[in-house]
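J.: Supplied in structure tokens, the structure appears directly below.
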Amino acid sequence: MRLFSQLLVLFGLLVLAAGVGQAQDSDERDARIRRLEQEVRSLRSQNQNLSAALANANKQAQDANGELEKIRLELEALGTYPLGTDDERLKQAVANRKVLEDKLASLEKASLELKASMQEYLKTAFAADPEARLKVESAIRGLDVELGLGHKPRPQVDLGNLQEAKVISIDGQSGLLVLNAGAKQQVRMGMTFRIMRGNSQIAEAMIAGVRPDISGALVIKVEDTKNAVRLGDIATIKIK
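What follows is the structure, given as structure tokens:
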């Protein structure tokens with residue numbers, strides 16, 4: 001009888017120890033989930049800040065590039081082209097953008113590694129609290145959106161060519177014409193285009209900036225000052 005009582009006491013102690021161990025495991029899982037959620041929130045915040053800074057750097061680079069190209073055209077017309085303040089502004093803007101792009105790339109890599117670790121952990125966390133697990137999975141989906149993994153691909157833009165490009169934008173301050181043809185369509189700096197509307201020539205414009213699929217042109221000749229270039233006018237390369 002005494003032996004039976006001792007066995008009961010021993011069994012009770014084992015059950016109690018198992019319960020304590022399970023409680024400790026559950027607390028550790030909950031603490032790890034909370035740490036992962038905090039890391040996700042921190043990375044998302046850093047990603048948003050870097051994205052905003054990168055967008056600002058891109059705008060500065062584009063503004064500096066636009067001003068530089070206008071000055072280049074004027075200096076080329078005078079037969080001179082010295083390096084000046086605008087060149088330095090452009091170089092600095094490009095350098096700043098490169099630093100931000102590198103930081104953003106590093107953040108994206110760290111975010112993807114954290115996401116992979118979280119997903120691997122969730123595979124083994126069968127006993128984790130369902131609500132906490134749902135929060136972590138929601139955080140992973142939110143991180144995908146911040147990284148652009150949940151975005152749909154951009155629709156294809158209708159592109160022109162040297163013989164028929166379209167004026168798709170006109171800068172209100174500088175009068176710069178944006179054409180839907182760029183370096184991929186063999187557009188080069190200094191090329192002259194005739195701006196047509198129907199069978200009538202409206203103006204001539206010289207290419208002042210080139211991007212892969214678009215280019216910027218400055219009007220150098222107008223046929224009629226009362227008939228300005230409009231959106232949708234056709235630009236065709238002038239063959240000398």
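So the sequence shown is residues 1 to 240, counted in the UniProt record's numbering.
Yeah, the Cβ is synthetic: ideal placement off N, Cα and C, and Gly gets one too.
Tell me, please, whether the stretch 45 to 61 touches the stretch 201 to 216 by the rule of three or more beta-carbon pairs shorter than 8 Å.
T.: Flag = no, the stretch 45 to 61 and the stretch 201 to 216 do not touch.
J.: Pull up the distance between the alpha-carbon of G182 and that of S106, whole angstroms please.
T.: Working through the sequence shown from its first residue, we reach residue 182 at position 182. Working through the sequence shown from its first residue, we reach residue 106 at position 106. Using only the alpha carbons, I get a separation of about 31 Å.
J.: Buried or exposed: Q186, going by 16 or more other Cβ atoms within 10 Å of its Cβ?
T.: If you number the sequence shown from 1, residue 186 lands on position 186. Burial call: exposed.
J.: What did DSSP end up calling P155 once you bin it into helix, strand or coil?
T.: As a first step, residue 155 must be located in the sequence shown, where it is residue number 155. Only weak support exists for where P155 lies, its pLDDT of 46 falling under 50; the value from the coordinates is given anyway. Note: P155 maps to coil in three-state DSSP.
J.: Please return the same chain residues whose Cβ sits closer than 8 Å to the Cβ of V219, not counting the five positions on each side in sequence.
T.: Your numbering for residue 219 matches position 219 in the sequence shown. Closer than 8 Å at the Cβ level, and outside the excluded window around V219, lie G175, L177, I195, A203, E204, A205, V229.
J.: To the nearest angstrom, how far is it from the Cα of L36 to the Cα of P212?
T.: As a position in the sequence shown, residue 36 is number 36, starting the count at 1. As a position in the sequence shown, residue 212 is number 212, starting the count at 1. So the two alpha carbons sit approximately 41 Å from each other.
J.: Since G209 and V167 are thought to touch, with beta carbons under 8 Å apart, how far apart are those beta carbons, to the nearest angstrom?
T.: Your numbering for residue 209 matches position 209 in the sequence shown. Your numbering for residue 167 matches position 167 in the sequence shown. At roughly 15 Å, the Cβ-Cβ gap does not stay under 8 Å, so G209 and V167 are not in contact.
J.: Let me confirm a value: R34 is counted as buried when at least 16 other C-beta atoms fall within 10 Å, else exposed. Which label applies?
T.: Working through the sequence shown from its first residue, we reach residue 34 at position 34. R34 comes out exposed.
J.: Compare the C-alpha of A235 against each of L54, Q46, N161, N227 and name the closest.
T.: As a position in the sequence shown, residue 235 is number 235, starting the count at 1. Comparing Cα positions, the closest option is N161.
J.: Keeping to the same chain, check which residues put their C-beta closer than 8 Å to that of E101; ignore five residues upstream and five downstream.
T.: By 1-based counting over the sequence shown, the position of residue 101 is 101. Closer than 8 Å at Cβ, skipping near neighbours: L54.
J.: Can you find the residues in the same chain that come closer than 8 Å, C-beta to C-beta, to N180, ignoring five residues on each side of it along the sequence?
T.: Reading the sequence shown from its first residue, position 180 is the one you call residue 180. Result list for N180: V157, D158, L159, G160, A165, K166, I168, D213, I214, in chain order.
J.: Between the C-alpha atoms of R197 and L104, what's the straight-line distance to the nearest angstrom?
T.: Position 197 of the sequence shown holds residue 197. Position 104 of the sequence shown holds residue 104. About 45 Å.
J.: Looking at T192: is its Cβ nearer than 7 Å to the Cβ of K226?
T.: Taking the first residue of the sequence shown as position 1, residue 192 is located at position 192. Taking the first residue of the sequence shown as position 1, residue 226 is located at position 226. For T192 and K226, no; Cβs fall outside 7 Å.
J.: Please state the DSSP three-state secondary structure of residue 272.
T.: The requested residue 272 does not occur in the structure, where the chain is confined to residues 1 to 240.
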